[in-house]
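*Asks:* As given, the protein sequences belong to chains E and X, one line each in that order.
Okay, so the first sequence: first residue is 3 according to the numbering used here, each after it adds one.
Okay, so the second sequence: first residue is 931 according to the numbering used here, each after it adds one.
Beta carbons: idealized from backbone N, C-alpha and C, even for Gly.
On a predicted model such as this, the values are computed, not experimentally measured, just so you know.
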Amino acid sequence: MSDMILRTEHLGVSFGALKAVNDVSLEIEKGKFTTILGPNGAGKTTYFNLISGLLKPTTGKIFFKDADITSYKAIDRIAAGMGRSFQLTNVFPMLTVHENIRLSAQSYSKVGARLFRSHRRYDAVNSKTDEILERVLLPHRRNALAASLTHGEQRKLELGMVLALEPEVLLLDEPTAGMAIEQVPVMIDIMRDTHQRGTTVLLIEHKMDLVKQLSDRLVILVNGKVLADGNPTEVSQNPEVLKAYLGGGVLDATTA
Amino acid sequence: MGSNVRLSFDKKPELPKLIALAALITVFLVIPQFMRNTQLIMMSRIFILAVYGMSYDILRGYTGFINLGQAIFFGSGVYMGVIFLNMQNDLWFFMMAAGSIFVASVIGGYVMSKIVLRTGGVVAAAMVTLALGEIVRNIAERWRTVTGGQDGLPLRFSRVALEPLFTTRLGAYYFAFVFLIVMTFALRAFVLSPTGRVLQAIRENEQRARFLGYDTQKYKTIALIVSSVAAGFSGLVFAVIVRFANTDYLSITYTLNALLITLVGGTGTLYGSILGSAFVTWIQNFLLDLNRSLGWDILRYPMLFVGSLYILLVIFMPAGLLGGFFQLKNWWDRKRLSRATDNTPEA
Ligand SMILES: Nc1ncnc2c1ncn2[C@@H]1O[C@H](COP(=O)(O)OP(=O)(O)OP(=O)(O)O)[C@@H](O)[C@H]1O
Ligand SMILES: [Mg+2]
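Shown next, in the form of structure tokens:
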């Protein structure tokens, strides 16, 4: 069992009568690239909110590295090695790109609570920040305010901020959301690169075509429930999934 | 997201800047020699209220937290100064007062953070701090044996006082000026420290700061403590200048003074408070003088003018004096840059 890094057992949450996440039991294998696919409102983001500690579940449990973290606060989950990005860009708008990433690198280096010594004099933080800037292809935007970036650049920054935490498990919520189509392959490359460095990735996506090659495993989430789960070829040929695709058109498989 | 303008000196100090700073300091070391007592007093007040403004900026400008009870710490500093120096006015008793106000501010800031940070949201926190401030002021007003109640507590200099620092206006000027410089460097170091950076992150987006692994409550507590200590110290030095303590210094009026100083100077700039303090203190003094010489009744309500001026300032220079300067500079830089890169396509 030790190669399971993250596990949810009968995890669920309700908003009034709506069961946004309904009895989801998944085991995420260490080092694997797992993608959760599903239509709008399927409960994907809510599932991440439960795992990352933004929301309290109404049912079920979450295990991270064999510890029951269901009652952990968000920061304790991050300290344990979890990192997440947000579907809606969630950065520090009036700080520069460099400062945004540096805050994250600073947290990773655990020098956050130091007083009275200039933040510039922490070499490990600075080099980490530069490394991440390179990885997300933003060195040329280093001194731009986050608020002044294009949407695509903000998505890269959003990703860079979580990468700088060097989490063991990376939860990525639609990193390509709203990006220009020609920018998408760049994001895919960054994700592949991160995975190849040994990080366990749990990705939320909308479009199957984008992630079929990238993923070791696909999980289809519909109405808060797991509809299908397995390797990408199997899942994409699963009749129920195909029905969901073609019938209701809930998953936009046709758009490349 | 507001306007895309940076409001702080975050770059490394360069040589020309250091020279300019040295020149400026020299000027302020020399000019008091040519000043009358009233001018010396006004300058000293400007210096001290600048530090008080900075203490407020740590919370409002850097952390994004509105404390309407800041005067608790300032006023306590004034009282502590008067009470200790009335026992014996020398540097030793001043140091003891400083030690006491340090301890009191650390504890007070911590307690306040524990109370305030339970409330959700900026507005609720502001209301709670307002209530705390009023409670403290009320207690001080009732506790006549210590505070002198509404009559206040004058600082009595005995003839054996050895410290020209305290007894001459010139000495006090230098004392206040050195205080300003020391505190400016200390608070600058604080905002530039990793902790200071986290405070900015909290101001910008607290939730994300948490998701980067920062215990934001802990950082807000640190900010409150640092701010309280700085406010307490400025109150203490203020006692030497005004030679009097009363409950006004504990009241919302003095909190609003700090708020105005940061508003006028520019929030989140730290140094803006120096300009803000100069402006606010000067204008209040000016109106009082004008009232004295002209005797116009309406001038007896200086806040009428000061208030309108602030409103104008907030409308036309929302980023404050220093903030406005940065905006101009930014605009100028961008214009220059866009001229230089006109032919290159945007990356
Ligand atoms: N805090 C909340 N309160 C009430 N309802 C919520 C809340 N968060 C999500 N929901 C609802 O739960 C359902 C699932 O939302 P969620 O954001 O998880 O979907 P999603 O799969 O991420 O969709 P998308 O692809 O659009 O991002 C939606 O119907 C949504 O309206
Ligand atoms: Mg979502």
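What span of residues does the beta strand (DSSP E) with X/VAL1076 cover, start to end?
*Replies:* As a first step, residue 1076 of chain X must be located in the second sequence, where it is residue number 146. Element bounds for X/VAL1076: not the beta strand (DSSP E) but the alpha helix (DSSP H), 1074-1077.
*Asks:* What separation, rounded to the nearest whole angstrom, lies between the Cα atoms of E/ARG104 and E/THR131?
*Replies:* Numbered from 1 along the first sequence, position 102 holds the residue referred to as residue 104 of chain E. Numbered from 1 along the first sequence, position 129 holds the residue referred to as residue 131 of chain E. Cα to Cα, the separation comes out at about 5 Å.
*Asks:* Considering only residues of the same chain and omitting the five flanking positions on each side of X/SER974, which have a CB-CB separation below 6 Å?
*Replies:* Against the second sequence, residue 974 of chain X aligns to sequence position 44. Cβ within range, chain order: ALA1102, TYR1103, ALA1106 and ILE1171.
*Asks:* Return helix, strand or coil for E/GLU29, following the three-state DSSP convention.
*Replies:* Walking along the first sequence from the start, residue 29 of chain E turns up at place 27. E/GLU29: strand per DSSP, three-state reduction.
*Asks:* If distances are taken between C-alpha atoms only, which option among E/PHE50, E/THR152 and E/SER238 comes closest to X/PHE1141?
*Replies:* Against the second sequence, residue 1141 of chain X aligns to sequence position 211. Selected option, being the one with the closest Cα: E/PHE50.
*Asks:* When a residue counts only if its C-beta is closer than 5 Å to some heavy atom of ligand 1, which residues count, in chain order?
*Replies:* Result (chain order): E/PHE17, E/ALA22, E/ASN42, E/GLY43, E/ALA44, E/GLY45, E/LYS46, E/THR47 and E/THR48.
*Asks:* Which stretch, first to last residue, makes up the beta strand (DSSP E) that contains E/HIS12?
*Replies:* Position 10 of the first sequence, counting from 1, holds the residue named residue 12 of chain E. It spans 6-17 - the beta strand (DSSP E) in which E/HIS12 sits, taken as one unbroken run.
*Asks:* Do X/VAL1052 and X/ILE996 have their beta-carbon atoms positioned less than 8 Å apart in this structure?
*Replies:* Working through the second sequence from its first residue, we reach residue 996 of chain X at position 66. Working through the second sequence from its first residue, we reach residue 1052 of chain X at position 122. For X/ILE996 and X/VAL1052, yes; Cβs fall inside 8 Å.
*Asks:* Would you say E/ILE134 lies against chain X (beta-carbon separation less than 8 Å)?
*Replies:* Mapped onto the first sequence, residue 134 of chain E falls at position 132. Not an interface residue.
*Asks:* Answer yes or no: the CB of E/GLU176 versus the heavy atoms of ligand 3, is any distance below 7 Å?
*Replies:* By its list of ligands, the structure shown excludes ligand 3, since it contains just ligand 1 and ligand 2.
*Asks:* In the structure shown, what three-state DSSP assignment does E/GLY62 receive?
*Replies:* Here residue 62 of chain E corresponds to residue number 60 of the first sequence, with the count starting at 1. Three-state result, E/GLY62: strand.
*Asks:* Tell me the residue span of the alpha helix (DSSP H) that contains X/GLY1007.
*Replies:* Stepping through the second sequence from its first residue, residue 1007 of chain X is reached at position 77. 1001-1017 is the extent of the alpha helix (DSSP H) around X/GLY1007.
*Asks:* Is it buried or exposed for X/ARG1264, if we count other Cβ within 10 angstroms and need 16 for buried?
*Replies:* For the purposes of this step, residue 1264 of chain X is taken as residue 334 along the second sequence, with counting starting at 1. Answer is exposed; the Cβ neighbour count stays below 16.
*Asks:* Which residues bound the beta strand (DSSP E) around E/ARG219?
*Replies:* If you number the first sequence from 1, residue 219 of chain E lands on position 217. E/ARG219 -> beta strand (DSSP E) spans 219-224.
*Asks:* Using DSSP's beta-bridge definition, name the partner residues of E/ALA230.
*Replies:* As a position in the first sequence, residue 230 of chain E is number 228, starting the count at 1. According to DSSP, which records beta bridges pairwise, E/ALA230 is partnered with E/ILE222.
*Asks:* So the candidates are E/SER120, E/THR10 and E/PRO234; which of them puts its Cα closest to the Cα of E/GLY55?
*Replies:* The sequence position of residue 55 of chain E within the first sequence is 53, counting from 1. Answer by Cα proximity: E/THR10.
*Asks:* Quick check on this structure: which residue in X/VAL1112, X/ILE1031, X/LEU954 and X/TYR1184 has the alpha carbon closest to the alpha carbon of X/ALA1001?
*Replies:* By one-based count along the second sequence, residue 1001 of chain X stands at place 71. Per the Cα distances, X/TYR1184.
*Asks:* Near E/ILE206, which residues of its chain fall below 6 Å by C-beta distance, leaving aside the five closest residues on each side in sequence?
*Replies:* In the first sequence, residue 206 of chain E corresponds to position 204, counting from 1. Cβ neighbours of E/ILE206 beyond the five flanking positions: ILE38, LYS46, ASP175 and GLU176.
*Asks:* Please decide whether X/ARG990 counts as near chain E, where near means a Cβ-Cβ distance under 8 Å.
*Replies:* Position 60 of the second sequence, counted from the first residue, corresponds to residue 990 of chain X. It does not: the Cβ of X/ARG990 has no partner Cβ on chain E nearer than 8 Å.
*Asks:* Could you have a look at X/VAL1090 and say whether DSSP puts it in helix, strand or coil?
*Replies:* Here residue 1090 of chain X is taken as the residue at index 160 of the second sequence, counted from 1. Bear in mind that a pLDDT of 49 at X/VAL1090, under 50, signals an unreliable position, so the model cannot answer this.
*Asks:* Going by C-alpha to C-alpha distance, which of X/THR1197, X/ASP1178, X/VAL1244 and X/TRP1262 sits closest to X/SER1003?
*Replies:* Reading the second sequence from its first residue, position 73 is the one you call residue 1003 of chain X. Just to set this straight, residue 1003 of chain X is Phe in the shown sequence, not Ser. Among X/THR1197, X/ASP1178, X/VAL1244 and X/TRP1262, the Cα nearest to that of X/PHE1003 is on X/ASP1178.
*Asks:* By DSSP, does X/PRO1084 sit in helix, in strand, or in coil?
*Replies:* Along the second sequence, one-based indexing puts residue 1084 of chain X at 154. Correct three-state label for X/PRO1084: strand.
*Asks:* Given this structure, state the Cα-to-Cα distance separating X/MET1113 from X/PHE1255, to the nearest angstrom.
*Replies:* As a working mapping, residue 1113 of chain X is identified with position 183 in the second sequence. As a working mapping, residue 1255 of chain X is identified with position 325 in the second sequence. When rounded, the distance between both Cα atoms is 23 Å.
*Asks:* What does the alpha-carbon distance come out to for the pair X/GLY1063 and E/ARG79?
*Replies:* Position 133 of the second sequence holds residue 1063 of chain X. Position 77 of the first sequence holds residue 79 of chain E. Cα to Cα, the separation comes out at about 37 Å.
*Asks:* E/ALA81 versus chain X: which residues are under 9 Å apart at the beta carbon?
*Replies:* Here residue 81 of chain E refers to the residue found at position 79 when the first sequence is read from its first residue. By Cβ distance, chain X contributes GLY1143.
*Asks:* With distance defined between alpha-carbon atoms, name the residue in X/MET965, X/LEU1100 and X/LEU1122 nearest to E/ARG122.
*Replies:* For the purposes of this step, residue 122 of chain E is taken as residue 120 along the first sequence, with counting starting at 1. Answer by Cα proximity: X/LEU1122.
*Asks:* Can you find a C-beta in chain C that's less than 8 Å from the C-beta of E/ILE77?
*Replies:* No chain C appears in this structure, whose protein chains are E and X.
*Asks:* Run through DSSP, which three-state label would E/VAL23 get?
*Replies:* Residue numbering aside, residue 23 of chain E sits at position 21 when the first sequence is read from its first letter. It is a strand residue.
*Asks:* According to DSSP, is E/ALA166 part of a helix, a strand, or is it coil?
*Replies:* On the first sequence, residue 166 of chain E is found 164 positions in, with the first residue counted as 1. Correct three-state label for E/ALA166: coil.
*Asks:* Which residue spans inside the segment 1118-1193 of chain X form an unbroken alpha helix (DSSP H) run of at least 4?
*Replies:* The qualifying runs are 1124-1141 and 1146-1172.
*Asks:* In its own chain, which residues sit with a C-beta less than 8 Å from the C-beta of E/LEU97, not counting the 5 before and 5 after it?
*Replies:* To locate residue 97 of chain E, count along the first sequence from 1; it is residue 95. So the qualifying residues of the chain are LEU105, LEU147 and ALA148.
*Asks:* According to the neighbour-count rule (16 or more other Cβ atoms, all chains shown, within 10 Å of its Cβ), is X/VAL1090 buried or exposed?
*Replies:* Here residue 1090 of chain X refers to the residue found at position 160 of the second sequence. Any reading at X/VAL1090 must be qualified, since the residue scores a pLDDT of 49, below 50, and its modelled position is unreliable; the value itself is stated next. Under this definition X/VAL1090 is an exposed residue.
*Asks:* Which residues, taken in chain order from the segment 1099-1133 of chain X, show a beta carbon closer than 9 Å to some beta carbon of chain E?
*Replies:* Residues ALA1116, ALA1119, PHE1120, LEU1122, SER1123, PRO1124, THR1125, GLY1126, ARG1127, VAL1128, GLN1130, ALA1131 and ARG1133.
*Asks:* Opposite X/ILE1249 in the DSSP bridges: which residues?
*Replies:* Locating residue 1249 of chain X in the second sequence gives position 319, counting from the first residue. Checking the sequence, you will find Ala at residue 1249 of chain X rather than Ile. DSSP, once it has assigned bridges, lists no residue as partnering X/ALA1249.
*Asks:* At a cut-off of 7 Å, is X/GLN1257 close to ligand 2 when judged by its beta-carbon and the heavy atoms of the ligand?
*Replies:* On the second sequence, position 327 is the one that residue 1257 of chain X refers to. False, no ligand heavy atom lies under 7 Å from that Cβ.
*Asks:* In terms of residues, what are the limits of the beta strand (DSSP E) holding E/GLU207?
*Replies:* Working through the first sequence from its first residue, we reach residue 207 of chain E at position 205. Unbroken beta strand (DSSP E) run through E/GLU207: 202-207.
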